[in-house]
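One structure is given below, encoded as structure tokens.
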Amino acid sequence: MTELTQKTVPQNKLAESVKTSKAPAIARAAAILRLLGKSDAALGLQTIAKTLNLVPSTCLHVLRALVAEELVSFDPDTKRYALEAGVLTLARHWLRRNKFTDRAQPFLDRISQEFDVTMLGVHIVGLEHIIVVATSQAGNNFQISAQIGSRFPALISATGRCIAAFGNYPEEDIEARFHSLRWDEPPTFEQWQAQVQQTREQGFAIDTGNYIAGVTVVAAPVWKSREKLNHGLVAIGIGSNLQRQGLPELQQAMVTAGRKLSQQLSGEEL
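With the sequence shown counted from 1, adding 100 to any position gets you the working numbering.
The following block contains the structure:
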């Protein structure tokens with residue numbers, strides 16, 4: 101199984117968000133939580149402080165506050181910190197309020213099994229990033245996976261083309277972020293713009309090996325209202341396999357699922 105991971109350097113972005121924030125105390129706490137969430141192992145004070153460019157004493161102060169709030173755990177034997185179960189309470193409340201996750205799951209499961217692909221439901225946070233909030237995997241031997249809670253740059257891959265096509269963002273903002281993206285086979289901005297226009301016309305986006313060589317990604321938009329693109333459906337598979345499974349049929353299934361899900365979430369014909 102191959103895990104889908106973002107191709108940007110998260111530590112630099114976390115440190116920069118702390119540096120430029122208008123509420124640095126909150127930014128420090130959020131950056132620490134994100135860093136611990138991305139780490140497979142517990143981290144020590146010096147590692148956290150160095151990664152986020154924080155003064156160790158300041159970092160320790162924030163960590164102690166997070167431990168007191170039961171969002172971070174501290175192991176006195178190893179002197180290392182990790183996420184605590186308290187973060188699940190926050191996540192559970194969000195998932196309970198967010199109808200997308202529950203309603204998207206049947207669509208994800210059906211398409212995943214029918215076309216032998218990994219399916220993701222993603223929450224779109226403007227031009228900043230997307231967050232995986234639902235997943236479904238087929239039973240094939242070689243799988244591409246992404247964990248719930250994983251974050252990726254908003255404009256990357258097929259999902260990014262959907263956001264650029266339907267998000268109504270200024271082109272100068274889009275271009276500035278586009279040039280910071282990391283691809284295996286990067287398209288030029290002009291090529292990418294043409295693909296964005298094609299996405300507008302056909303109602304879905306496709307990435308054939310740009311983001312990850314040999315991997316095809318198909319994405320369809322999901323709206324809660326006419327004004328704002330909130331979510332997306334994403335199918336990920338090995339390019340050669342998708343050709344055999346029926347790429348045009350997958351694309352149509354994605355568009356249909358996105359449209360039906362949008363109607364369920366908005367309560368109106370979109």
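We put the beta carbon where it would ideally sit given N, CA and C, even for glycine.
Where does Pro110 fall in DSSP's three states? With a pLDDT of 45 at Pro110, under the threshold of 50, the predicted position of this residue should be treated as unreliable, though the coordinate-derived value follows. Three-state DSSP puts Pro110 in a helix.
Per DSSP, what kind of secondary structure is Trp323 in: helix, strand or coil? strand
Of all the options Ala305, Gly260, Arg128 and Arg326, which has the alpha carbon lying nearest to the alpha carbon of Pro156? Arg128
Per DSSP, what kind of secondary structure is Asn341 in: helix, strand or coil? helix
Consult DSSP for Ser139 and reduce its assignment to one of helix, strand or coil. coil
CA-CA distance, Ser376 and Gln295? One cannot answer for residue 376 here, as it falls past the ends of the chain, which runs 101 to 370.
With respect to the alpha helix (DSSP H) encompassing Ser236, which residues constitute its N-terminal and C-terminal limits? Note, Ser236: premise wrong, no alpha helix (DSSP H); beta strand (DSSP E) at His229 to Ser236.
Identify every residue that forms a DSSP beta bridge with Ala335. Met219 and Val318
With which residues is Asp284 paired in a DSSP beta bridge? The partner list for Asp284 (beta bridge, DSSP) is empty, contrary to what the question assumes.
Among Leu350, Pro286 and Ala319, which has the Cα closest to the Cα of Leu220? Ala319
Does the segment 182-196 come into contact with the segment 124-144, if we say contact requires no fewer than three beta-carbon pairs (one atom in each stretch) closer than 8 Å? yes
Can you tell which of Asp216, Pro176, Thr218 and Ser236 has its C-alpha closest to the C-alpha of Asp202? Ser236
My understanding is that Ala265 touches Arg300, with C-beta atoms under 8 Å, so please give their C-beta distance in whole angstroms. 5 Å
Do Ile248 and Val233 count as a contact pair if the criterion is CB distance below 9 Å? yes
Using only CA atoms, which one of Gln297, Gln345, Val334 and Ser340 lies nearest to Thr356? Val334
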